[in-house]
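In the working numbering, the protein residues as written are -1 to 514.
What follows is the structure, given as structure tokens:
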């Protein structure tokens, strides 16, 4: 037993354990891939059986080393090329690895999806175990030959095999979980198996490929994949800072289809005579986009601006008020004295008409208390207030000045598009193919959907209308006829009114072709 105290024995044992683990990694990965085809309750059993069989085979082959030596004797010759039993095993094993790895790669690269009407169909347990047995036979021969070439003591060889297999049994489940959670790693491992299969065929044909070349290639690929996984992890970590709602909204919009228009002159690719229609109509995509972006919009982007508010001045005579009621189709009006900021309350139009028809004064019983919310509040809060109050909501800025009002129709227009009143013209009017006449007060979110662009709205902007966008682009109040180009669209000032942009002509800009 003196050899137990020989340092060379322990160094050889440690080196052989490391090599046996390295040589068994490819076996372990393929077992993990095969076991994933089984039902969940059978996978651990298949992994354990596979690794146990691998250990038994290696121990058995080590016990019959004399037989392994005879495998190198030529059995026959083909064109002066001798073939031994070892060569035949390597050839068959390499072909098997190439076949299995190519089949697995084809399924994953082609993205085959197996759809089952009932429960998922799993592979037969016996068939998977049979494939594992064949793999064990191929990989065990390589590991045993390595062991025979490194040390002379049979006990050291067997100890190294048992310890390495124990390590792989403990690492099988974490490795399997990692492989299943990272599809690119599976493809990389299958590529390794292709390379190992090719090297086995080369060895069987008498062409020796140094293992160092294979390990260097595998090591380089592993480093690249590690950097890829690290970059993906950093991306996901950065993505986690985005609110879950925003990530969900972005995912839903991608599933609905991008609203970005195709490049001018670019024809959609068609691979067959059948033209595939979009799963969602444009109006449906716009409505879903409006719903998902509602909480991120400012109140200014959905409210009726102060300049467009129809309000009742109680200091005017009855005839003037009655005429105003007949000219405007609204059902609720803010009532004030002298100016809009001196708000008294909110009155229903039919109550005002009845009161004026009877020659009565507008008393407090007809006036509802006004609801005034700050401009900095969210659209969802205003919507909840509208649901409870059943009347319009006035919006005030930080100085208490009334800047607009919000009605249920304003919320609906933010989701489904514009619903002009009888006394209004649509803010976006189509004048021809790729040409629109748009009011300066038009909502940028709705305009983006109409123009199929993403270049008008930014989270850092403090404006919500087309006029505000144009002023930001020009840096000052533009002159009539001035124009800018943004994202293939030309915006031309068509009308100025009281130091504001009243109307804009928008047209698509055709790309200039190269002169030949």
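By construction, the Cβ of each residue, glycine as well, lies at the ideal position given by its N, Cα and C atoms.
By the Cβ rule, the region 458 to 476 does not count as touching the region 389 to 400, because fewer than three pairs are nearer than 8 Å.
The distance from the Cβ of residue 93 to that of residue 199 is about 7 Å, consistent with a contact at the 8 Å cut-off.
Among the bridge pairs identified by DSSP, residue 310 is matched with 333. For residue 441, the three-state secondary structure derived from DSSP is strand. One Cα belongs to residue 344, the other to residue 490, and the distance between them is close to 39 Å. The alpha-carbon of residue 502 is positioned some 13 Å away from that of residue 483. In the three-state reduction of the DSSP assignment, residue 185 falls in the helix class.
The Cβ neighbour count for residue 332, taken over all protein chains shown within 10 Å, is at least 16; the residue is labelled buried. Nearest to residue 58 by alpha-carbon distance, out of 106, 71, 155, is 155.
Sorting 71, 73, 41, 455 by C-alpha distance to the C-alpha of residue 295 places 455 at the top. With respect to residue 309, residue 350 sits apart: the two C-beta atoms are not nearer than 8 Å. Judged by DSSP in its simplified three-state form, residue 476 adopts coil rather than helix or strand. Following the DSSP letters along the chain, one finds residue 501 inside the beta strand (DSSP E) bounded by residues 499 to 506.
Residue pairing from DSSP places residue 433 in a beta bridge opposite 430, 505. For residue 303, the pairing in a beta bridge is given by DSSP as 402. Just so you know, the alpha carbons of residue 301 and residue 184 end up roughly 53 Å apart. A direct Cα-to-Cα measurement between residue 324 and residue 410 gives close to 25 Å. Restricting attention to 49, 99, 407, 402, the CA atom closest to the CA of residue 303 is found in 402.
Short of 8 Å from the beta carbon of residue 212, and not among the five residues preceding or following it, lie these beta carbons of its own chain, in chain order: 193, 194, 197.
For residue 38, the uninterrupted alpha helix (DSSP H) segment begins and ends at 38 to 61. The continuous alpha helix (DSSP H) containing residue 382 extends over residues 377 to 387.
For residue 491, the enclosing beta strand (DSSP E) stretches over residues 487 to 494. Secondary structure at residue 160: helix, using DSSP grouped into helix, strand and coil. The beta-bridge partner set that DSSP reports for residue 368 is empty. For the 8 Å CB-CB criterion, residue 341 and residue 400 form a contact. In this structure, residue 53 and residue 160 form a Cβ contact; the two beta carbons are roughly 7 Å apart against a cut-off of 8 Å. Linking residue 228 to residue 101 through their CA atoms gives a straight-line distance of about 29 Å. CA-to-CA, the gap between residue 383 and residue 391 works out to about 8 Å.
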